[in-house]
Amino acid sequence: TQLLEQSPQFLSIQEGENLTVYCNSSSVFSSLQWYRQEPGEGPVLLVTVVTGGEVKKLKRLTFQFGDARKDSSLHITAAQPGDTGLYLCAGAGGSSNTGKLIFGQGTTLQVKP
Amino acid sequence: DTAVSQTPKYLVTQMGNDKSIKCEQNLGHDTMYWYKQDSKKFLKIMFSYNNKELIINETVPNRFSPKSPDKAHLNLHINSLELGDSAVYFCASSQYPANIQYFGAGTRLSVL
Chain H
1 TQLLEQSPQF
11 LSIQEGENLT
21 VYCNSSSVFS
31 SLQWYRQEPG
41 EGPVLLVTVV
51 TGGEVKKLKR
61 LTFQFGDARK
71 DSSLHITAAQ
81 PGDTGLYLCA
91 GAGGSSNTGK
101 LIFGQGTTLQ
111 VKP
Chain A
114 DTAVSQTPKY
124 LVTQMGNDKS
134 IKCEQNLGHD
144 TMYWYKQDSK
154 KFLKIMFSYN
164 NKELIINETV
174 PNRFSPKSPD
184 KAHLNLHINS
194 LELGDSAVYF
204 CASSQYPANI
214 QYFGAGTRLS
224 VL
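Heads up: the sequence lines are chains H and A, in that order. Residues in the first sequence are numbered consecutively from 1, following my numbering. Residues in the second sequence are numbered consecutively from 114, following my numbering.
As structure tokens, then:
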């Protein structure tokens, strides 16, 4: 069974601080996605990483896929209150390329002004 | 126009009842999904249909039955509702399996 361990589960920081969220597994994933979910809404895709060692940047957000494609991290620089939300990592699992996503437990981020 | 729309947004019902949640996507996608998000925000795939054919069927009680009348619709019917069915149910769609998934806003089901 493929599992993704996401940490930390909760993070409360002050505006301007940096933070990193981790997503780890013992399984290899063909790709890994990061989503952000606002209260009362569905998850919205932020980025997909596909190649081992890949780094992608989205403004103040930096995403990295581990060399072995088993782990990923999301780093936010100078967090803003608008970054508050639930962050989810999801690995593309299954050998038959069915579109099945294995989600981590999520990280609830609160950025205080 | 909402890309993936679910109805209803909220559903409060008694144990033992049967209820349905509807999902429609106007993106022209071939693949649709149902997910369950529990009270701890953990999101888990339940079913997936590609071109009206079931391709993912996770370990879900057979009280849950998905139905796809056409590529743009995937409904979820739940029989004999139980307290543990209380959760937020999300519908999603993608162009084809393994492509980017777009999620609806969710249906919050509360079983009393």
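Built from N, CA and C at the ideal position, the CB exists for glycine as well.
Any beta-carbon of chain H closer than 8 Å to the one on Gln-214 of chain A?
yes
* Would you mind giving the Cβ-Cβ distance between Asp-151 of chain A and Ala-200 of chain A, rounded to the nearest angstrom? I have them listed as a contact below 8 Å. => 5 Å
Practice task
Run through the region 67–102 of chain H for me and flag every whole beta strand (DSSP E) of 3 or more residues, listed as ranges in chain order.
Solution key: 71–76, 85–92
> Going straight from the alpha carbon of Thr-120 of chain H to that of Phe-63 of chain H, what length do you get?
Replying inline: Residue 120 of chain H lies beyond the residue range present for chain H, which begins at 1 and ends at 113; the question has no answer from this structure.
Pairing CB atoms from the region 136–148 of chain A with CB atoms from the region 193–212 of chain A, are three or more of them under 8 Å? yes
In the region 9–70 of chain H, which residue ranges form an unbroken alpha helix (DSSP H) of at least 4 residues, counting only runs that do not cross its ends?
none
Worksheet item: So, is the C-beta of Phe-155 of chain A closer than 8 Å to a C-beta in chain H?
Response: yes
State the DSSP-derived secondary structure class of Leu-196 of chain A, mapped to helix, strand or coil.
helix
- Query: Whose C-alpha, out of A:Gly-217, A:Ser-193, A:Lys-180, is nearest the C-alpha of Gly-42 of chain H?
  - Reply: A:Gly-217
Original post:
Which residue spans inside the region 124–210 of chain A form an unbroken beta strand (DSSP E) run of at least 3?
Top reply: 132–138, 144–150, 156–163, 166–170, 177–183, 186–191, 200–207
Lys-112 of chain H, enclosing beta strand (DSSP E) - first and last residue
107–112
Checklist entry - Is Asn-97 of chain H close to chain A, meaning its C-beta is less than 8 Å from at least one C-beta of that chain? => result yes
| request: To the nearest angstrom, report how far apart Asn-164 of chain A and Ser-118 of chain A are at their CA atoms. | output: 18 Å
For a test of your reading of the model: does the CB of Thr-220 of chain A fall under 7 Å from any non-hydrogen atom of the ligand ZN? Yes or no.
This structure simply doesn't include the ligand ZN, nor any ligand for that matter.
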